[in-house]
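K.L.:
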Amino acid sequence: MDPLLLERRHKMLDKIVITGISAITPLGNDIDTIVDNLKKGKSGIGYIDRYNLGEFPVRHGGTIDIVDLCKVKYPYEGNLQFKLFYYCLKKLFLQYKNIYSSDRIACCIGTNPNIAAPDDVVYLGEQYWKLKSNELHMNYANENLHMNTLMNINPSLLTYYAAKDFNINGICACNFGTCAASSQAIGDSYHLLKNKRADMVICGGISLCLDPIAIARLCRLNALELTKENVKSNCAPFDKHRAGFTIGEGCILFMMERESDAKKRNAKIFAEVKGYGASMDGFSLTDPHEEGLGMQLAMIRAIEDAKLSIDKIDYVNAHGTGTKKNDKYETMAIKKVFKEYANTLDISSTKSMHGHLLTAGGAMEMLVSIISIQKGFVPPTINYRTKDPECDLSYTPNIVKYKEINNVLSNSFGLGGVNASLVISKYI
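Residue 6 is where the sequence shown starts when you use the working numbering, and the numbers rise one by one after that.
1) Taking S1 as the reference, which of A338, C112, L298 has the closest Cα?
2) T355 to K329, Cα distance in whole Å?
3) Report yes or no: do three or more beta-carbon pairs, one from the stretch 343–350 and one from the stretch 305–321, lie closer than 8 Å?
4) Considering only the alpha carbon of each residue, which of I69, A28, Y400, N416 lies closest to D244?
5) Taking D351 as the reference, give the member of R247, Y407, V206 with the closest Cα.
6) Take the Cβ of Y92 as the centre, count every other Cβ of all protein chains shown within 10 Å, and call the residue buried at 16 or more, exposed below.
7) Which residue wins for smallest C-alpha separation from F250, given the options C224, Y281, I114?
8) List in chain order: all unbroken alpha helix (DSSP H) runs of 4+ residues lying wholly within the stretch 172–206.
9) Which same chain residues end up closer than 7 Å to L213 when comparing Cβ atoms and leaving out the 5 residues on each side of it in sequence?
10) Please list the terminal residues of the continuous beta strand (DSSP E) segment that includes F259.
11) Distance check for T30 and N57, CA to CA, integer angstroms please.
12) In the DSSP output, what is G30 paired with across the bridge?
13) Going by beta-carbon coordinates alone, are I211 and A365 separated by less than 9 Å?
14) What residue range does the beta strand (DSSP E) around K279 cover?
15) Going by beta-carbon coordinates alone, are A347 and P242 separated by less than 9 Å?
16) So does the stretch 294–312 actually touch the stretch 56–70, counting three or more Cβ pairs closer than 8 Å?
17) If you count every other CB in all the chains shown that lies within 10 Å of the CB of Q100, and 16 or more means buried, which is it?
18) By a C-beta neighbour count over all protein chains shown, 10 Å radius and 16 as the cutoff for buried, is H246 buried or exposed?
19) Buried or exposed: which applies to T116, given that a residue is buried once 16 or more other Cβ atoms fall within 10 Å of its Cβ?
20) Can you confirm whether N331, when its beta carbon is compared against all beta carbons of chain B, has any partner nearer than 9 Å?
21) In the DSSP output, which residue or residues are listed as bridge partners for S415?
22) Using the rule of at least 16 other Cβ atoms within 10 Å of the residue's Cβ for burial, across every protein chain shown, is M143 buried or exposed?
23) Kindly give me the distance between the Cβ atoms of A307 and L414, rounded to whole angstroms, as I take these residues to be in contact under 8 Å.
24) For a test of the three-state rule: what should DSSP assign to L229, helix, strand or coil?
25) Pull up the distance between the alpha-carbon of D292 and that of I375, whole angstroms please.
26) Counting pairs of Cβ atoms below 8 Å between the stretch 382–393 and the stretch 41–50, do you hit three or more?
27) Pick from V423, S430, Y432, E296: whose alpha carbon is nearest that of A190?
28) Please determine if the stretch 165–172 and the stretch 257–266 are in contact, where contact requires at least 3 C-beta pairs separated by less than 8 Å.
29) Do G175 and A219 have their C-beta atoms closer together than 9 Å?
30) Between V63 and the rest of its own chain, which residues show a CB-CB distance below 7 Å, the 5 nearest in sequence each way excluded?
31) So S188 packs on S417, CB below 8 Å; how close in whole Å?
32) Taking only the alpha-carbon atoms, compute the straight-line gap between G419 and A283 and give it to the nearest angstrom.
33) Does DSSP put T336 in a helix, in a strand, or in coil?
34) Please name the residue in G325, S265, C179, N412 whose C-alpha comes closest to that of T24.
35) Please state the DSSP three-state secondary structure of C214.
36) List the residues that DSSP assigns as beta-bridge partners of Y407.
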């Protein structure tokens, strides 16, 4: 056979595997704690005390502990989001430095395109109005606009610092696909490795949106569930009385590489990324397509990419936000994709426990998928009390289900109709 064809065949057959994980999440900051909380169906949702939210109707979220994070010696002036990313990246990357040439290491991160801290937003707004009323625009700007503040609102600085401090000089990109951003970043990383555009990729997502501006924006979209007396009962995906999602926050990063390279250095392999599918609805800025067509397409593409039949999917980690329309249409889409098998399929939404991490949501749920494969259980959908006739599948209500899991389909369906699905598989 032609040597080029042999190389191409080998390239396509080489599995893409996960060899490193670093996470700061509402369910814990280490794998053992996260596993324990998932098994117990323990909520990581609580009151937000970082800001004075006053009379805000939403005062709860899936929070992370930032006390230690604030002590991080960050080499640049920047907001908390930069510190969080730097902390997780350093924790992950220092284990693997000098393994690959710096120009063969890539970085793909799902993040919010607007990462400015609230104080920076207020400052820039004030300066904008002063500039409008000042004839000497450039003189005023040069004297009053601080460079650090201007740069701190640029999300691409995440990958800039990755390149500068950790010698990650391959392809670096930030994905802004709303709730599907980190799944897109993971999918892009999968393709970079498949096509030998990189030897190792750091990928995942970061989101810190428990601030007044982000909460107000999502309240305006009627997407959030209002704070109840018992905040841990907020967010009830697929329940008849669901009333919106709960924001979560965190940073989850993975190290991915080809199996052949990982085996050469006897690396620990957590799982395989077996398939990726994506689509775009273009139907509504806020609502999914009424027949879930984009959702269906993303799932079908991921399963086909993984070269699996639908009956080989053991668990679906649903997008399951807890909004009326998302859960209804996702249920509809799952039925269309899985046909008669849908009625026996194990499904759950762990957003009920950790909240919706927005641009880091897909990364959080890939972590959950890896854990479910390694530990052999389907994590529950907590806060599920009343069956909805329009959401009539098996959502693993409130109690963990133990079973062998070989293949997980993880869904991320974002605002504006951005859809991404990943197939995560047991490494064999």
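In this text, a Cβ means the ideal position worked out from N, Cα and C, and glycines have one as well.
Since the structure is predicted, the reported quantities are computational estimates derived from the model, not experimental observations.
P.N.:
With the structure as the only source:
1) The requested residue 1 does not occur in the structure, where the chain is confined to residues 6 to 433.
2) Reading the sequence shown from its first residue, position 350 is the one you call residue 355. Reading the sequence shown from its first residue, position 324 is the one you call residue 329. Using only the alpha carbons, I get a separation of about 17 Å.
3) The stretch 343–350 is in contact with the stretch 305–321.
4) For this step, residue 244 is matched to residue 239 along the sequence shown. Taking only the C-alpha atoms, the option nearest D244 is Y400.
5) As a working note, residue 351 is residue 346 in the sequence shown. When C-alpha distances from D351 are compared across R247, Y407, V206, the shortest belongs to Y407.
6) As a working note, residue 92 is residue 87 in the sequence shown. Residue environment for Y92: buried (at least 16 other C-beta atoms within 10 angstroms of its C-beta).
7) In the sequence shown, counting from the first residue as 1, residue 250 sits at position 245. Out of C224, Y281, I114, C224 has the C-alpha closest to the C-alpha of F250.
8) Fully enclosed alpha helix (DSSP H) runs of 4 or longer: 186–199.
9) If you number the sequence shown from 1, residue 213 lands on position 208. For L213, the CB contacts under 7 Å within the same chain, skipping 5 residues up- and downstream, are L85, Q86, L89, E254 in chain order.
10) In the sequence shown, the residue the question calls residue 259 occupies position 254. Note, F259: beta strand (DSSP E), 255–263.
11) For the purposes of this step, residue 57 is taken as the residue at position 52 of the sequence shown. For the purposes of this step, residue 30 is taken as the residue at position 25 of the sequence shown. One C-alpha to the other measures close to 22 Å.
12) Mapped onto the sequence shown, residue 30 falls at position 25. The sequence shown places Thr at residue 30, not Gly. Per DSSP, G33.
13) If you number the sequence shown from 1, residue 211 lands on position 206. If you number the sequence shown from 1, residue 365 lands on position 360. Contact: yes.
14) On the sequence shown, residue 279 is found 274 positions in, with the first residue counted as 1. Unbroken beta strand (DSSP E) run through K279: 276–285.
15) The residue you call residue 347 lines up with position 342 of the sequence shown. The residue you call residue 242 lines up with position 237 of the sequence shown. A347 places its beta carbon 9 Å or farther from that of P242.
16) Result no; under three Cβ-Cβ pairs closer than 8 Å.
17) By one-based count along the sequence shown, residue 100 stands at place 95. Exposed.
18) As a first step, residue 246 is located in the sequence shown; it is residue number 241 there, counting from the start. Classification of H246: exposed, given that the 10 Å Cβ count is below 16.
19) If you number the sequence shown from 1, residue 116 lands on position 111. Classification of T116: buried, given that the 10 Å Cβ count is 16 or more.
20) This model lacks chain B altogether, as it is built from one protein chain only.
21) Residue 415 sits at position 410 when you count from the first residue of the sequence shown. DSSP lists N322, L427 as partners of S415.
22) By one-based count along the sequence shown, residue 143 stands at place 138. Confidence at M143 is low in this model, with a pLDDT of 48, below 50, so its placement is unreliable and no value can be given for it.
23) Here the question's residue 307 lines up with position 302 in the sequence shown. Here the question's residue 414 lines up with position 409 in the sequence shown. L414 and A307 do touch by the CB rule: their CB atoms are close to 6 Å apart, below 8 Å.
24) Along the sequence shown, one-based indexing puts residue 229 at 224. DSSP places L229 within a strand segment (E or B) once states are collapsed to three.
25) Start at 1 with the first residue of the sequence shown, and residue 292 comes out as number 287. Start at 1 with the first residue of the sequence shown, and residue 375 comes out as number 370. Using only the alpha carbons, I get a separation of about 29 Å.
26) With the cut-off at 8 Å, the stretch 382–393 and the stretch 41–50 touch.
27) Counting from one through the sequence shown, the residue named residue 190 turns up at place 185. Looking at the Cα atoms, V423 is the closest of the given residues.
28) Not touching, per the Cβ criterion.
29) Within the sequence shown, residue 175 is the residue found at index 170, counting from 1. Within the sequence shown, residue 219 is the residue found at index 214, counting from 1. In this structure, A219 does not lie closer than 9 Å to G175 by Cβ.
30) For the purposes of this step, residue 63 is taken as the residue at position 58 of the sequence shown. Closer than 7 Å at the Cβ level, and outside the excluded window around V63, lie I220, C224, L229, L231, T232.
31) Start at 1 with the first residue of the sequence shown, and residue 188 comes out as number 183. Start at 1 with the first residue of the sequence shown, and residue 417 comes out as number 412. Taking C-beta atoms under 8 Å as the contact rule, S188 and S417 qualify, at a distance of about 4 Å.
32) As a working note, residue 419 is residue 414 in the sequence shown. As a working note, residue 283 is residue 278 in the sequence shown. When rounded, the distance between both Cα atoms is 11 Å.
33) For the purposes of this step, residue 336 is taken as the residue at position 331 of the sequence shown. When secondary structure is reduced to three states using DSSP, T336 falls in the helix class.
34) If you number the sequence shown from 1, residue 24 lands on position 19. Taking the Cα of T24 as reference, the smallest distance to any Cα among G325, S265, C179, N412 is reached at S265.
35) In the sequence shown, counting from the first residue as 1, residue 214 sits at position 209. The answer is coil: DSSP assigns C214 none of H, G, I, E or B.
36) Along the sequence shown, read from residue 1 onward, the residue named residue 407 stands at position 402. Here Y407 is bridged, per DSSP, to F382.
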